[in-house]
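Residue numbers (this note's numbering): 1 to 236. Ideal Cβ positions, reconstructed from N, Cα and C, are used throughout, including at glycine.
Shown next as C-alpha coordinates:
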(Lines of atoms letter the chains of each structure in order from A and count residues from 1; the text may use other names and numbers.)
(Lines give C-alpha, C1' and ligand atoms only; values in the text may rest on other atoms or scores of the structure.)
Protein backbone atom coordinates (compact mmCIF):
# COMPACT_ATOMS: atom_id res chain seq x y z
CA UNK A 1 0.00 0.00 0.00
CA UNK A 2 1.21 3.49 -0.82
CA UNK A 3 0.47 6.68 1.07
CA UNK A 4 0.54 9.40 -1.61
CA UNK A 5 1.60 12.96 -0.80
CA UNK A 6 -1.24 15.51 -0.86
CA UNK A 7 -1.78 17.53 -4.04
CA UNK A 8 -2.07 20.82 -2.14
CA UNK A 9 0.06 23.10 -0.04
CA UNK A 10 0.69 22.01 3.50
CA UNK A 11 -0.07 24.94 5.82
CA UNK A 12 1.74 23.55 8.83
CA UNK A 13 3.91 20.70 10.03
CA UNK A 14 1.14 19.08 12.07
CA UNK A 15 1.17 16.15 9.65
CA UNK A 16 4.09 14.46 7.93
CA UNK A 17 3.35 12.83 4.58
CA UNK A 18 5.56 10.10 3.17
CA UNK A 19 5.50 7.41 0.55
CA UNK A 20 6.55 3.85 1.31
CA UNK A 21 5.23 0.31 1.14
CA UNK A 22 3.85 -1.23 4.32
CA UNK A 23 1.77 -4.13 5.62
CA UNK A 24 -1.12 -3.94 8.07
CA UNK A 25 -0.48 -6.59 10.71
CA UNK A 26 -3.17 -8.83 12.19
CA UNK A 27 -4.76 -7.76 15.46
CA UNK A 28 -2.90 -10.60 17.17
CA UNK A 29 0.31 -8.66 16.55
CA UNK A 30 -0.64 -6.53 19.55
CA UNK A 31 0.16 -9.48 21.78
CA UNK A 32 3.40 -10.38 20.03
CA UNK A 33 6.71 -9.21 21.62
CA UNK A 34 8.60 -6.52 19.74
CA UNK A 35 10.33 -7.72 16.62
CA UNK A 36 14.07 -7.59 17.12
CA UNK A 37 16.36 -8.10 14.13
CA UNK A 38 19.55 -6.42 15.28
CA UNK A 39 21.41 -3.45 13.86
CA UNK A 40 23.26 -5.62 11.32
CA UNK A 41 21.83 -8.15 8.91
CA UNK A 42 24.09 -10.97 10.13
CA UNK A 43 22.79 -10.77 13.72
CA UNK A 44 21.52 -13.83 15.59
CA UNK A 45 18.10 -12.18 15.75
CA UNK A 46 17.98 -11.84 11.98
CA UNK A 47 18.99 -15.48 11.53
CA UNK A 48 16.23 -16.58 13.92
CA UNK A 49 13.73 -14.45 11.97
CA UNK A 50 14.80 -16.05 8.67
CA UNK A 51 14.54 -19.55 10.15
CA UNK A 52 11.04 -18.72 11.38
CA UNK A 53 9.97 -17.46 7.95
CA UNK A 54 11.37 -20.56 6.19
CA UNK A 55 9.53 -22.83 8.63
CA UNK A 56 6.33 -20.87 8.06
CA UNK A 57 6.79 -21.05 4.29
CA UNK A 58 7.32 -24.81 4.30
CA UNK A 59 4.46 -25.37 6.71
CA UNK A 60 1.80 -23.11 5.20
CA UNK A 61 2.53 -22.96 1.46
CA UNK A 62 1.24 -25.94 -0.48
CA UNK A 63 3.67 -25.51 -3.36
CA UNK A 64 6.62 -25.34 -0.97
CA UNK A 65 5.54 -28.51 0.83
CA UNK A 66 5.24 -30.25 -2.53
CA UNK A 67 8.84 -29.55 -3.58
CA UNK A 68 10.98 -32.59 -4.23
CA UNK A 69 13.61 -33.50 -1.65
CA UNK A 70 15.20 -36.00 -4.00
CA UNK A 71 16.13 -33.80 -6.99
CA UNK A 72 19.44 -31.97 -6.99
CA UNK A 73 21.43 -29.90 -9.50
CA UNK A 74 24.31 -31.61 -11.27
CA UNK A 75 26.79 -29.91 -8.93
CA UNK A 76 26.63 -28.26 -5.53
CA UNK A 77 29.08 -26.55 -3.21
CA UNK A 78 29.37 -28.33 0.11
CA UNK A 79 29.92 -26.11 3.15
CA UNK A 80 32.11 -27.71 5.82
CA UNK A 81 31.76 -26.76 9.51
CA UNK A 82 32.77 -23.16 10.13
CA UNK A 83 36.32 -22.86 11.43
CA UNK A 84 37.50 -25.46 8.97
CA UNK A 85 40.34 -24.38 6.67
CA UNK A 86 38.12 -25.00 3.65
CA UNK A 87 35.40 -22.66 2.43
CA UNK A 88 33.71 -24.93 -0.11
CA UNK A 89 34.08 -28.24 -1.83
CA UNK A 90 32.55 -28.95 -5.23
CA UNK A 91 30.52 -32.15 -5.40
CA UNK A 92 28.91 -34.02 -8.27
CA UNK A 93 25.51 -34.94 -6.86
CA UNK A 94 25.29 -38.13 -8.89
CA UNK A 95 28.41 -39.36 -7.08
CA UNK A 96 27.04 -38.57 -3.59
CA UNK A 97 24.46 -40.35 -1.48
CA UNK A 98 22.65 -37.16 -0.54
CA UNK A 99 19.68 -39.07 0.86
CA UNK A 100 21.80 -39.99 3.90
CA UNK A 101 22.96 -36.39 4.40
CA UNK A 102 21.13 -34.30 6.96
CA UNK A 103 19.84 -32.00 5.70
CA UNK A 104 20.26 -32.78 2.01
CA UNK A 105 18.80 -29.47 0.82
CA UNK A 106 20.44 -26.46 -0.79
CA UNK A 107 20.20 -22.68 -1.17
CA UNK A 108 21.17 -20.45 -4.11
CA UNK A 109 23.39 -17.37 -4.25
CA UNK A 110 22.56 -14.75 -6.89
CA UNK A 111 24.55 -11.55 -7.42
CA UNK A 112 25.90 -9.18 -10.05
CA UNK A 113 29.15 -10.57 -11.43
CA UNK A 114 30.50 -7.07 -12.12
CA UNK A 115 34.14 -6.79 -13.17
CA UNK A 116 35.50 -9.13 -10.48
CA UNK A 117 34.97 -12.87 -10.62
CA UNK A 118 38.12 -14.45 -9.19
CA UNK A 119 36.60 -17.91 -8.86
CA UNK A 120 35.13 -19.77 -11.82
CA UNK A 121 34.67 -23.45 -12.47
CA UNK A 122 36.75 -24.32 -15.53
CA UNK A 123 37.66 -27.58 -17.20
CA UNK A 124 41.21 -27.50 -15.80
CA UNK A 125 40.32 -26.78 -12.14
CA UNK A 126 37.28 -29.01 -11.76
CA UNK A 127 39.26 -31.81 -10.10
CA UNK A 128 41.00 -29.37 -7.72
CA UNK A 129 37.70 -27.79 -6.62
CA UNK A 130 36.35 -31.25 -5.80
CA UNK A 131 39.10 -31.50 -3.21
CA UNK A 132 38.81 -28.02 -1.74
CA UNK A 133 38.39 -24.32 -2.41
CA UNK A 134 40.55 -22.53 0.14
CA UNK A 135 39.18 -19.66 2.20
CA UNK A 136 42.06 -17.40 1.17
CA UNK A 137 40.91 -17.47 -2.46
CA UNK A 138 37.17 -17.26 -1.75
CA UNK A 139 35.48 -13.85 -2.24
CA UNK A 140 33.92 -12.16 0.78
CA UNK A 141 30.38 -12.40 -0.61
CA UNK A 142 30.66 -16.19 -0.94
CA UNK A 143 31.95 -16.58 2.61
CA UNK A 144 29.08 -14.48 3.95
CA UNK A 145 26.56 -16.53 1.98
CA UNK A 146 28.12 -19.71 3.38
CA UNK A 147 27.60 -18.34 6.90
CA UNK A 148 23.92 -17.65 6.25
CA UNK A 149 23.32 -21.09 4.74
CA UNK A 150 25.25 -22.86 7.50
CA UNK A 151 23.52 -20.91 10.29
CA UNK A 152 20.14 -21.90 8.83
CA UNK A 153 21.07 -25.57 9.00
CA UNK A 154 21.88 -26.30 5.34
CA UNK A 155 25.06 -27.84 3.98
CA UNK A 156 24.88 -27.05 0.29
CA UNK A 157 24.73 -23.98 -1.92
CA UNK A 158 24.42 -23.54 -5.69
CA UNK A 159 26.30 -20.77 -7.50
CA UNK A 160 26.26 -20.56 -11.28
CA UNK A 161 29.90 -19.54 -11.73
CA UNK A 162 31.08 -22.46 -9.58
CA UNK A 163 28.51 -25.11 -10.51
CA UNK A 164 28.55 -24.69 -14.30
CA UNK A 165 31.77 -25.29 -16.24
CA UNK A 166 32.31 -21.80 -17.62
CA UNK A 167 34.48 -22.75 -20.60
CA UNK A 168 32.24 -25.62 -21.74
CA UNK A 169 29.48 -24.80 -24.22
CA UNK A 170 28.05 -28.29 -23.79
CA UNK A 171 27.82 -27.94 -20.01
CA UNK A 172 26.22 -24.50 -20.29
CA UNK A 173 23.57 -25.88 -22.64
CA UNK A 174 22.85 -28.78 -20.32
CA UNK A 175 22.72 -26.75 -17.10
CA UNK A 176 20.83 -23.76 -18.50
CA UNK A 177 18.04 -26.14 -19.52
CA UNK A 178 17.76 -27.16 -15.84
CA UNK A 179 17.72 -23.62 -14.45
CA UNK A 180 14.00 -23.66 -13.68
CA UNK A 181 14.31 -26.86 -11.66
CA UNK A 182 17.43 -25.60 -9.88
CA UNK A 183 15.60 -22.56 -8.53
CA UNK A 184 12.32 -24.36 -7.95
CA UNK A 185 13.83 -27.05 -5.73
CA UNK A 186 16.04 -24.79 -3.60
CA UNK A 187 15.02 -23.94 -0.05
CA UNK A 188 15.69 -20.23 -0.59
CA UNK A 189 17.62 -17.83 -2.81
CA UNK A 190 20.08 -15.27 -1.42
CA UNK A 191 19.95 -12.19 -3.64
CA UNK A 192 22.85 -9.83 -2.98
CA UNK A 193 21.06 -6.90 -4.59
CA UNK A 194 23.37 -4.25 -3.12
CA UNK A 195 26.58 -5.92 -4.26
CA UNK A 196 28.33 -4.64 -7.39
CA UNK A 197 30.52 -7.74 -7.43
CA UNK A 198 31.59 -10.61 -5.19
CA UNK A 199 34.31 -8.69 -3.32
CA UNK A 200 31.89 -6.90 -0.98
CA UNK A 201 30.08 -8.17 2.09
CA UNK A 202 26.59 -9.59 1.94
CA UNK A 203 25.74 -7.90 5.24
CA UNK A 204 24.93 -4.29 6.07
CA UNK A 205 24.17 -2.08 9.06
CA UNK A 206 20.74 -0.52 9.58
CA UNK A 207 18.55 1.31 12.07
CA UNK A 208 16.79 -1.58 13.78
CA UNK A 209 14.24 0.79 15.32
CA UNK A 210 12.71 1.33 11.87
CA UNK A 211 11.93 -2.39 11.67
CA UNK A 212 9.58 -2.34 14.66
CA UNK A 213 5.81 -2.28 14.04
CA UNK A 214 4.20 1.11 14.61
CA UNK A 215 0.73 1.83 15.93
CA UNK A 216 -1.43 4.34 14.05
CA UNK A 217 -5.00 5.58 14.37
CA UNK A 218 -7.22 5.04 11.34
CA UNK A 219 -10.58 6.89 11.28
CA UNK A 220 -13.21 4.74 9.61
CA UNK A 221 -16.33 6.27 8.08
CA UNK A 222 -19.31 5.74 10.36
CA UNK A 223 -17.22 3.86 12.90
CA UNK A 224 -14.92 4.56 15.76
CA UNK A 225 -11.24 5.17 15.25
CA UNK A 226 -9.38 1.90 14.87
CA UNK A 227 -5.85 1.29 16.11
CA UNK A 228 -3.78 -0.81 13.68
CA UNK A 229 -0.16 -1.86 13.49
CA UNK A 230 1.81 -1.26 10.32
CA UNK A 231 5.24 -2.43 9.32
CA UNK A 232 7.44 -1.30 6.45
CA UNK A 233 8.11 -3.91 3.75
CA UNK A 234 11.32 -2.47 2.30
CA UNK A 235 13.72 -2.59 5.24
CA UNK A 236 14.54 -6.29 5.54
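| request: Enumerate in chain order the residues of its own chain whose CB-to-CB distance from residue 154 is below 8 Å, with the five nearest sequence positions on each side excluded. | output: 79, 103, 105, 106, 107, 187
| task | Would you kindly work out how many angstroms separate the C-alpha atoms of residue 76 and residue 161, rounded to a whole number? | result | 11 Å
| Buried or exposed: which applies to residue 111, given that a residue is buried once 16 or more other Cβ atoms fall within 10 Å of its Cβ? | So residue 111 ends up on the buried side.
| Residue burial classification, residue 146 (beta-carbon count within 10 angstroms, cutoff 16) | buried
| said: Could you give the first and the last residue of the continuous alpha helix (DSSP H) run that contains residue 191? | reply: Segment 189-192 is the beta strand (DSSP E) holding residue 191; no alpha helix (DSSP H) there.
| request: Look at the alpha carbon of residue 62 and the alpha carbon of residue 55, and state the distance between them as a whole number of angstroms. | output: If you take the alpha carbons of residue 62 and residue 55, they lie about 13 Å apart.
| request: Go through its chain and collect everything with a Cβ distance to residue 88's Cβ below 6 Å, but skip five positions before and after it. | output: The residues are 77, 133.
| message | Measuring only the C-alpha atoms, how far is residue 196 from residue 120? | response | 17 Å
| task | Classify residue 147 as helix, strand or coil using the three-state DSSP reduction. | result | Three-state DSSP puts residue 147 in a helix.
| residue 64 versus residue 184: straight-line alpha-carbon distance, rounded | Straight-line Cα distance between these residues: approximately 9 Å.
| request: Whole angstroms is fine: what's the gap from residue 170's alpha carbon to residue 40's? | output: 42 Å
| message | Using 8 Å for Cβ pairs, my map puts residue 151 next to residue 201. What's the rounded Cβ distance? | response | Actually they are not in contact, since the Cβ atoms of residue 151 and residue 201 sit about 15 Å apart, beyond 8 Å.
| field | Supposed contact pair residue 157 and residue 90 - C-beta distance, whole angstroms, cut 8 Å | value | Not quite, the Cβ-Cβ distance comes to about 11 Å (not below 8 Å), so this is no contact.
| Leaving out the 5 sequence neighbours to the left and right, which residues in its chain are closer than 8 Å to residue 38 when beta-carbon positions are compared? | Residues 44, 45, 46, 208 of the same chain have their beta carbon placed closer than 8 Å to that of residue 38, with the five preceding and five following residues left out of the count.
| query | CB residue 165 to CB residue 137, shorter than 8 Å? | reply | Taking C-beta atoms as the reference points, residue 165 and residue 137 fail to come closer than 8 Å.
| query | So residue 192 packs on residue 117, CB below 8 Å; how close in whole Å? | reply | Not a contact, Cβ separation roughly 13 Å.
| request: Mind checking who residue 162 pairs with in its DSSP beta bridge? | output: Paired residue(s): none; residue 162 is not in a bridge.
| field | For residue 127, three-class secondary structure by DSSP | value | helix
| Just how far apart, CA to CA, sit residue 180 and residue 173? | 13 Å
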